[in-house]
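J.:
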Amino acid sequence: MACFGSLEHVFLRASIFPYPYQYPPLHIKCVDSIIKAKKYLNFTHKLIYGILIVLLKGILIHNKELIPFMKLSLKKRLMLVGTFVSVFLFSFVSQAYATNLIGYPTATQAKNNWCWAATSVTILQYYGISVSQCSFYDHVKGTSGCTTDESESYGTVQEGIHDYGVSSWNHTGALSYSDVKNQIDNVGSPIYVSWKWNSATGGGHAVVIYGYDTYSGNDWIQHMNPSGGTKTSMLYTNVKGGSSYDRTWRWGLHGFNKYI
């Protein structure tokens with residue numbers, strides 16, 4: 001059964017709705033088909049394809065009758081073409097402000113304090129290196145059997161990832177939003193984030209940034225959270241945190257590069 005009746009409908013949906021799987025969620029059927037269609041469409045193709053469908057093959061439903069495009073008045077034809085151009089221009093502008101590392105994997109931490117291990121193995125997996133959380137944990141801790149449940153610092157996490165063939169740079173505090181965009185757009189690197197909980201009990205958590213979005217003029221961060229293995233969007237200010245928030249971005253790793 002076809003998703004929308006024809007491939008034309010799939011391509012039109014892919015053009016008009018640029019974010020079938022990103023924040024904010026859009027309830028569209030056959031998302032996989034739309035995503036596949038989007039891979040073959042750039043802005044020019046979408047604009048030309050949409051207009052040609054209407055001009056050359058398109059028909060409109062008017063008073064429950066199918067009316068050829070050329071039989072419409074000149075005013076209606078111009079309005080229709082203008083609408084299509086506006087829609088496709090909006091689609092292009094919307095996409096220009098969102099970027100993510102396509103296919104970034106997810107993982108659910110195997111134990112309460114294994115967020116750092118789960119986050120690390122997704123980074124390795126993104127670079128084509130398959131390592132289990134247990135193996136990574138034992139390697140970093142120098143243990144066997146994965147019997148303990150402990151947190152870890154950035155130095156040993158960075159060394160552990162490096163031992164499996166992926167180098168990185170460490171930083172203290174939060175990266176600026178422009179630095180996050182640079183890592184995603186130009187370096188093509190995920191960003192390891194270590195949060196400190198600003199509570200009496202303390203503790204922390206690790207997540208990984210794999211994209212960003214400036215939807216509606218706001219600075220959004222797309223990150224993978226190993227607590228549940230979910231991909232979530234959060235305002236950059238909340239990711240950065242600080243004394244007035246429930247968390248603080250205390251350190252992280254960026255500039256990942258597979259060297260073997």
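So in the working numbering, the last spot in the sequence shown is 260, and the numbers never skip. Cβ coordinates follow ideal geometry from the N, Cα and C atoms, glycine included. Bear in mind the structure is a predicted one, so any value in this text is a computation, not a measurement.
1. Keeping to the same chain, check which residues put their C-beta closer than 8 angstroms to that of Y259; ignore five residues upstream and five downstream.
2. Measure the beta-carbon distance from T264 to T230 and round it to whole angstroms, keeping in mind my assumption that it falls under 8 angstroms.
3. How long is the line joining the alpha carbons of T172 and D149, rounded to whole angstroms?
4. Let me check one thing: in DSSP terms, what residues is Q222 bridge-paired to?
5. Helix or strand or just coil, what does DSSP make of T118?
6. Is the region 242-260 close to the region 186-196, with three or more CB pairs under 8 angstroms?
7. In terms of alpha-carbon separation, which member of S153, T143, D219 and A98 lies closest to S120?
8. Going by beta-carbon coordinates alone, are Y215 and Y177 separated by less than 9 angstroms?
9. For the candidate residues A98, K240 and N100, whose alpha-carbon lies nearest to that of A174?
10. Which term fits I209, buried or exposed, when burial requires 16 or more other beta carbons within 10 angstroms of its beta carbon?
11. Please return the same chain residues whose Cβ sits closer than 7 angstroms to the Cβ of C115, not counting the five positions on each side in sequence.
12. Going by other Cβ atoms of all chains shown within 10 Å of its Cβ, with 16 needed for buried, is L124 buried or exposed?
13. Looking only at its own chain, which residues have a Cβ that is under 6 angstroms from the Cβ of L7, when we skip the five neighbours before and after it?
14. In the DSSP assignment, what residue or residues form a beta bridge with S167?
15. Name the residue from Y126, V157 and S130 whose alpha carbon lies nearest to the alpha carbon of K141.
16. Identify which residue in V187, L101 and S151 has its Cα closest to the Cα of K111.
17. Of all the alpha helix (DSSP H) runs that stay within the bounds of the region 100-148, which reach a length of 4 or more residues?
18. Using the Cβ count rule (16 or more neighbours within 10 Å means buried), how would you classify G217?
19. CB F256 to CB P190, shorter than 9 angstroms?
20. Name the two residues that bound the continuous alpha helix (DSSP H) containing V180.
T.: Put simply:
1. Excluding sequence positions up to five before and after Y259, its CB lies within less than 8 angstroms of the CB of G165, V166 and S167, all in the same chain and listed in chain order.
2. As shown, the chain starts at 1 and ends at 260. That puts residue 264 outside it, with no answer to give.
3. Linking T172 to D149 through their CA atoms gives a straight-line distance of about 25 angstroms.
4. DSSP, once it has assigned bridges, lists G211 and S233 as partnering Q222.
5. Position check: residue 118 holds Ala in this sequence, whereas Thr was assumed. Helix, per DSSP.
6. Of all C-beta pairs linking the region 242-260 to the region 186-196, three or more are shorter than 8 angstroms, placing the two stretches in contact.
7. Ranked by Cα distance from S120, the options S153, T143, D219 and A98 are led by S153.
8. Result no, Cβ atoms of Y215 and Y177 do not sit closer than 9 angstroms.
9. Selected option, being the one with the closest Cα: K240.
10. Buried, because 16 or more other Cβ atoms sit within 10 Å of the Cβ of I209.
11. For C115, same chain residues with a beta-carbon under 7 angstroms away, outside a window of 5 residues either side, are Q109, H205, A206, P226 and S227 in chain order.
12. By the Cβ-count criterion, L124 is buried, with 16 or more other Cβ atoms from all chains shown falling within 10 Å of its own Cβ.
13. In this prediction, L7 scores a pLDDT of 43, lower than 50, which makes its location untrustworthy; the coordinate-derived value is nonetheless stated afterwards. Sequence-distant partners of L7 (beyond 5 residues in either direction) whose C-beta falls short of 6 angstroms from its own C-beta are missing from its chain.
14. In DSSP, S167 forms a bridge with N257.
15. Ranked by how close their Cα comes to the Cα of K141, the residues Y126, V157 and S130 have V157 in first place.
16. Taking the Cα of K111 as reference, the smallest distance to any Cα among V187, L101 and S151 is reached at S151.
17. For the region 100-148, whole alpha helix (DSSP H) runs of length 4 or above, ordered along the chain, are 115-126 and 133-141.
18. Residue burial annotation: G217 is exposed, with fewer than 16 other C-beta atoms found within 10 angstroms of its C-beta.
19. Taking 9 angstroms as the Cβ cut-off, F256 and P190 qualify as a contacting pair.
20. For V180, the uninterrupted alpha helix (DSSP H) segment begins and ends at Y177 to N182.
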